[in-house]
Amino acid sequence: MTPTPADFRAHFPICAHKAYLASCSLGAQSDRAADAMEHFLGRWREHGLPWPEWMEVTERVREAFARVIRAQPHEVAIMPNASEGAFQVASTLCWERRPGIVTCDMEFPSVAHVWLAQRSRSARIEYAPERDGLVEPEDYVRLVDEQTGLVSVPPVSYRNGSRLPVEEVTRRAREVGARVFVDAYQAAGVLPVDVRRLDCDYLVAGTSKYLLGAPGLAFLYVRGGLVQDRDPQLTGWFGRGEPFAFEPRRLDFPAEARRYETGTPAIPAACASVAGMSLIEELDPGRVTAHVAELADELTEDLRRAGETLYSPLVPERRGPMVAVAAEHPEDLGAFLAGQGVVASPRGRAVRLSLHYYNDSDDLARARDAIRAYRGRATG
Ligand SMILES: Cc1ncc(COP(=O)(O)O)c(C=O)c1O
9 MTPTPADFRA
19 HFPICAHKAY
29 LASCSLGAQS
39 DRAADAMEHF
49 LGRWREHGLP
59 WPEWMEVTER
69 VREAFARVIR
79 AQPHEVAIMP
89 NASEGAFQVA
99 STLCWERRPG
109 IVTCDMEFPS
119 VAHVWLAQRS
129 RSARIEYAPE
139 RDGLVEPEDY
149 VRLVDEQTGL
159 VSVPPVSYRN
169 GSRLPVEEVT
179 RRAREVGARV
189 FVDAYQAAGV
199 LPVDVRRLDC
209 DYLVAGTSKY
219 LLGAPGLAFL
229 YVRGGLVQDR
239 DPQLTGWFGR
249 GEPFAFEPRR
259 LDFPAEARRY
269 ETGTPAIPAA
279 CASVAGMSLI
289 EELDPGRVTA
299 HVAELADELT
309 EDLRRAGETL
319 YSPLVPERRG
329 PMVAVAAEHP
339 EDLGAFLAGQ
349 GVVASPRGRA
359 VRLSLHYYND
369 SDDLARARDA
379 IRAYRGRATG
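So for the sequence shown, the working numbering puts the first residue at 9; every next one is plus one.
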């Protein structure tokens, strides 16, 4: 039987005493992830050199992510972070013939900065603008033409949880023969992310947010390995066909996504992430998305009625797993909420309250009451 939100919540000790609403920044620690980290430490302490186990966990985490995004394991490279995933993609592309990179104002800087750095290699960066917390499909689509080499579109923005028009953008990119890069870090784990349906060429996501792993690990999906491009410019022994052949004079790039890898992966993060993703995989993805959407509706309505200005969309179809409360001093509000047992994530001009399957209406009430107390304190 599919676990209920209450069953799921029982795996996260912090949820017993706090309203944990910061999964957009770091997922709550599960009992399973904690056990996996303990196991890692124990094996290192007692066994001394558990390389075979480490390599096994590396493959298990790759396979788990591949299942989450409906890809094949050979299409997934293990990365230390999303930035490096973006860099590896850029390094294989040439911008002379098609210099355009189309992105948007709601892109996370990790990825956005890698695109900007391509200007020194002749790329031209264009932005679909943010308008009232949203990016409209037509603003993206009109920038994409035969000069465009790459279109970068996140399904959900880190800023306010708004959903971006990935389908429309991808359709346009296909019409003109541009490649598509998707940063799904703010969606994977709670919203459907299916690379075949998205029809993207590349996708990155890391383990530390809604996928409930630990920081230090990310993935780069590359459609079918895309081996016809330039070789990746960052490399290392894990990027070889046979890393354990230790051949310093041979530089071969396997015909699969591992060609984008560099050095030793973050094993502790892989251990925690296999455990975290195992919890996600036991859930019915449709129910997770529906639960999160219900909570987002409820919190949006509550906060709106309380007179709060929201930076996240009011329209449910444009809303992801987050409600963002506008604040003059977001860090101050975030610290006040923390003091009230509400873990939230301030960023930019808002405090982000993000939702996972482990959250419930009591968490929302606690957040709402704490925000009311903060406003009362500020004006009283
Ligand atoms: C959408 C998105 N992409 C990427 C990142 C992180 O990038 P990196 O793994 O390079 O630190 C974050 C948050 O930290 C994010 O929200």
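For each residue, glycine too, the CB sits at the ideal point set by N, CA and C.
Margin query: Please classify P137 as buried or exposed, where buried requires at least 16 other C-beta atoms within 10 Å of its C-beta.
Written below: exposed
| said: Between the alpha carbons of A253 and V84, how many angstroms are there, rounded? | reply: 22 Å
Original post:
Pick from R106, D191 and R187: whose alpha carbon is nearest that of Q155?
Top reply: R106
- Message: Please list the terminal residues of the continuous alpha helix (DSSP H) segment that includes V184.
- Response: V174 to V184
Worksheet item: For D191 versus F116, is the C-beta distance shorter than 8 Å?
Response: yes
* So the alpha helix (DSSP H) M63 belongs to, where does it begin and stop? -> W59 to V76
#### Entry: Three-way DSSP call (helix, strand, coil) for V323 in this model
coil
In chain order, which continuous runs of the alpha helix (DSSP H) of length 4 or greater are located wholly inside the segment 77-144? 90-100 and 117-125
Suppose contacts are defined by Cβ-Cβ distances below 8 Å. Is V300 in contact with E316 by that definition?
no
Whole-angstrom C-beta distance between L220 and G284, which should lie under 8 Å: 3 Å
- Task: Look at the alpha carbon of E289 and the alpha carbon of T243, and state the distance between them as a whole number of angstroms.
- Result: 31 Å
heavy atom of ligand 3 below 7 Å from S369 C-beta:
Looking at this structure, you won't find ligand 3 anywhere; what it does contain is ligand 1.
*asked:* Taking 7 Å as the cut-off, is the beta-carbon of D191 closer than that to any non-hydrogen atom of ligand 1?
replied: yes
- Task: Whole angstroms is fine: what's the gap from Y148's alpha carbon to R258's?
- Result: 43 Å
Query raised in the report: Does the distance from the CB of P163 to the CB of A195 come in under 8 Å?
Result: yes
task: Would you kindly check if the distance between the Cβ of T270 and the Cβ of G294 is under 8 Å?
output: no
* Asked: Exposed or buried, what is V76 when buried is set at 16 or more other beta-carbons lying within 10 Å of its beta-carbon?
  -> buried
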